[in-house]
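Q: Protein sequences appear in the order of chains L and Y. Note that the working numbering numbers the first sequence so that position 43 is 43, with each residue one more than the last. Note that the working numbering numbers the second sequence so that position 86 is 86, with each residue one more than the last.
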Amino acid sequence: MPPAGGGPRMAGRPGRESASLAPGAIVGVRSVLERARGVKRRSNRVSWLAFGFLIAYYGGIVVLSLLQSVDPVVVTTQTANGSSTMTSWPTWGYLIASPPAIVVLALLVRELLLGRAELRSTSAAGPPAGGADESPGWTQQAVEAQQLLTSAKNETEIAFLPLVFGFLGVGEIVAIEGAELLLPGDPAAFFVGLGLGFLGMALVWPLYRLARSWISGNQAVLDRQVREVNELEQAFLARFTGTSA
Amino acid sequence: MIGWTPDLFVLARLLDAIASAPGPERRTPLQQRAGVNYTVFQRYLEFLMRHEMVARSPQDADRLELTPKGVEAHRFLTDGLRRIFGTPVVPGVEPASATGRGGPVTRPGTS
C-alpha cells in the first residue's frame, strides 16, 4: 500500500501523553457491563431479601402463635350483651418474633440505597478487574448490559410481590392492634383499623419508588451512552472515512 | 470490506497504540499494545491505512506511524469517548490533561 496522502508523517508520541485516553474510555465500556452485572446481582439480592422478609414475617406470626399457647394474654371486653373473653399474643413475644423481619427488611432497604448511591457516584469509570480484552465489542456489551438491566428490572418488580404480601400482614397487625389500642370495643375500630392497615401497606410504596428509580436510572445512563457512542461513530465515519455506518 | 463497520473502540485502541509508541513501530508490538488478535489487527490496520490515518514510516517501511489525519482521528475518538464515559481512570497512568501535555506533537519541521 502506498504512503497515504503524501503528507507529512507524524512521529510516534511519548507514550504517557496519549495512552490514558482511549484505554480510559475502554475502561468505561467495560464498566457499563460491569455496572449492569452489579445491578443484576443487587436485584437478585433484593429478590431474595424480599422473599426472606415474607418468610421472616410469617415465621414471626407462627412464633407469636406458639408463644400465645405458652403464655396466653387474656383480654376481656365489655359489650352490651355482657363480656367476652379472648386470648391474644403476649406483648413480649413481639421482641422475639419481629427482629428477623425487621433485619431482613433493613438489609433490603440498604441494598436499594446502596444501588442508588452507586448510580450517583462516579465509580462507573473505575478500573477493570482484569487485563485487556482482545475485543471490547461495544455493541455486544451494550446489548448484554441492556438485557441484564431489563432482567434486573423484572426481578425487582417480582420481588415486590412478597413485599406487598408481607406489608399486607404488617398492615393487618397494625390495623387490629392499633384499633384495639385506640378504640377498644368500639365498632368504629373497624374503620380505624382499615385506615391504619392501608397506612401500613403504604410503607411499601416508597421502597417501590426507590427500586424503580435505581433501575431506570441505570437504564437511562446506558441508553444515553449507547446513543452518544452511535453519534460519535457516525461523526467519526463521516469525518474521517467519508462514509456512514 | 463493503458493509463492514469497524468497532469504534477497536479503532481507538489501535490509534492509541500507535500514538503511544515512542516512534514509528513495527506491527507486532503495536498489535500487542492494542490487545487485539492478529486477524483483527490486520483488518483494522488495513482500514486505517486505506483511509490515510496510518502510514508506513518513510525511514523504515516496516514501521508504522500516524498521519496528521490519524492524529486528528485519535484525538477525536479519545475526546469523544472521554466525554461519554467520563474522566478515564487507568491505574498507574496519569491522564494527559493532568500533565498539561496532550496535544499532538509533530516532528520538528514536518508540520
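Glycine included, each C-beta is placed from N, C-alpha and C at the ideal position. Since the model is a prediction, treat every value here as computed from it, not as a measurement.
#1: Taking 8 angstroms as the threshold (C-beta atoms), are V36 (chain Y) and R13 (chain Y) in contact?
#2: Around the Cβ of A188 (chain L), are there at least 16 other Cβ atoms within 10 angstroms (buried) or fewer (exposed)?
#3: Which one or two residues does DSSP pair with T91 (chain L) in a beta bridge?
#4: Would you please state the rounded distance, in angstroms, between the beta carbons of Y94 (chain L) and G169 (chain L)? I believe it to be under 8 angstroms.
#5: Would you list the one or two residues that DSSP bridges to A21 (chain Y)?
#6: Report yes or no: do three or more beta-carbon pairs, one from the segment 137-151 of chain L and one from the segment 213-230 of chain L, lie closer than 8 angstroms?
#7: So, is the C-beta of V39 (chain L) closer than 8 angstroms to a C-beta in chain Y?
#8: Against chain A, does D7 (chain Y) count as a neighbour if the rule is that its beta carbon must be under 8 angstroms from one of theirs?
#9: Within a Cβ cutoff of 7 angstroms, which residues of the same chain sit near G52 (chain L), ignoring the five residues on either side of it in sequence?
#10: Based on the DSSP secondary-structure assignment, which residues constitute the bridge partners of T77 (chain L)?
#11: Could you compute how far the alpha carbon of V73 (chain L) sits from the alpha carbon of E177 (chain L)?
#12: Rounded to the nearest angstrom, what separates V90 (chain Y) and M201 (chain L) at their Cα positions?
#13: What does DSSP give as the partner residue(s) for F54 (chain Y) in the beta ladder?
#14: Excluding sequence positions up to five away, which residues of its chain have a Cβ less than 6 angstroms from the Cβ of S123 (chain L)?
#15: Use the C-beta contact count for T156 (chain L): other C-beta atoms within 10 angstroms, 16 or more gives buried, fewer gives exposed.
#16: Give a yes or no on contact between the segment 66-76 of chain Y and the segment 13-24 of chain Y, applying the rule of three or more CB pairs nearer than 8 angstroms.
#17: Let me know if F9 (chain Y) comes out buried or exposed under the rule of 16 or more other beta-carbons within 10 Å of its beta-carbon.
#18: Within 10 angstroms of the Cβ of L66 (chain Y), are there 16 or more other Cβ atoms? Answer buried if so, exposed if not.
#19: The alpha helix (DSSP H) that contains T28 (chain Y), what's its start and end?
#20: Please name the residue, chosen from L:L207, L:V204, L:W205, L:A175, that lies closest to G193 (chain L) on a Cα-to-Cα basis.
#21: Assuming N218 (chain L) is part of the alpha helix (DSSP H), what are its boundary residues?
#22: Is the Cβ-Cβ distance between L49 (chain L) and E111 (chain L) less than 8 angstroms?
A: Walking through what the data contain:
#1: Residue 13 (chain Y) sits at position 13 when you count from the first residue of the second sequence. Residue 36 (chain Y) sits at position 36 when you count from the first residue of the second sequence. In contact: R13 (chain Y) and V36 (chain Y) (Cβ atoms closer than 8 angstroms).
#2: Here residue 188 (chain L) refers to the residue found at position 188 when the first sequence is read from its first residue. Burial call: exposed.
#3: In the first sequence, counting from the first residue as 1, residue 91 (chain L) sits at position 91. For T91 (chain L), which the question treats as bridged, DSSP gives no partner whatsoever.
#4: Counted from its first residue, the first sequence places residue 94 (chain L) at position 94. Counted from its first residue, the first sequence places residue 169 (chain L) at position 169. Wrong, their Cβ atoms sit about 13 angstroms apart, outside the cutoff.
#5: In the second sequence, residue 21 (chain Y) corresponds to position 21, counting from 1. Bridge partners of A21 (chain Y) according to DSSP: none are assigned.
#6: Contact between the segment 137-151 of chain L and the segment 213-230 of chain L is present: three or more C-beta pairs spanning the two stretches fall below 8 angstroms.
#7: Position 39 of the first sequence, counted from the start, is the residue given in the question as residue 39 (chain L). No, V39 (chain L) does not count as interfacial toward chain Y.
#8: The structure shown contains no chain A; the protein chains it does contain are L and Y.
#9: Here residue 52 (chain L) refers to the residue found at position 52 when the first sequence is read from its first residue. These residues qualify, in order along the chain: V104.
#10: Residue numbering aside, residue 77 (chain L) sits at position 77 when the first sequence is read from its first letter. In DSSP, T77 (chain L) forms a bridge with L:S84.
#11: Mapped onto the first sequence, residue 73 (chain L) falls at position 73. Mapped onto the first sequence, residue 177 (chain L) falls at position 177. Their Cα atoms are separated by approximately 13 angstroms.
#12: Working through the second sequence from its first residue, we reach residue 90 (chain Y) at position 90. Working through the first sequence from its first residue, we reach residue 201 (chain L) at position 201. Confidence at V90 (chain Y) is low in this model, with a pLDDT of 33, below 50, so the placement of that residue should be treated as unreliable; the coordinate-derived value is given next. Within the model, the alpha-carbon separation for V90 (chain Y) versus M201 (chain L) is close to 47 angstroms.
#13: Numbered from its first residue, the second sequence carries residue 54 (chain Y) at position 54. For the sequence presented, residue 54 (chain Y) should be read as Val rather than Phe. V54 (chain Y) is bridged to Y:L66.
#14: Here residue 123 (chain L) refers to the residue found at position 123 when the first sequence is read from its first residue. With a pLDDT of 43 at S123 (chain L), under the threshold of 50, the modelled position of that residue is not reliable, and the figure given next carries that caveat. Setting aside the 5 residues that flank it on each side, S123 (chain L) has no residue in the same chain whose C-beta is closer than 6 angstroms to its C-beta.
#15: Looking up residue 156 (chain L) in the first sequence gives position 156. It is buried - the Cβ of T156 (chain L) has at least 16 other Cβ atoms within 10 Å.
#16: Below 8 angstroms, enough C-beta pairs join the segment 66-76 of chain Y and the segment 13-24 of chain Y to call them touching: three or more.
#17: Here residue 9 (chain Y) refers to the residue found at position 9 when the second sequence is read from its first residue. Only buried fits F9 (chain Y), as 16 or more other CB atoms lie within 10 angstroms of its CB.
#18: As a working note, residue 66 (chain Y) is residue 66 in the second sequence. Classification of L66 (chain Y): buried, given that the 10 Å Cβ count is 16 or more.
#19: For the purposes of this step, residue 28 (chain Y) is taken as the residue at position 28 of the second sequence. Residues 27-34.
#20: As a position in the first sequence, residue 193 (chain L) is number 193, starting the count at 1. Among L:L207, L:V204, L:W205, L:A175, the Cα nearest to that of G193 (chain L) belongs to L:A175.
#21: Position 218 of the first sequence holds residue 218 (chain L). In this chain, the alpha helix (DSSP H) harbouring N218 (chain L) covers 204-240.
#22: Residue 49 (chain L) sits at position 49 when you count from the first residue of the first sequence. Residue 111 (chain L) sits at position 111 when you count from the first residue of the first sequence. Between L49 (chain L) and E111 (chain L), the gap from beta carbon to beta carbon is short of 8 angstroms.
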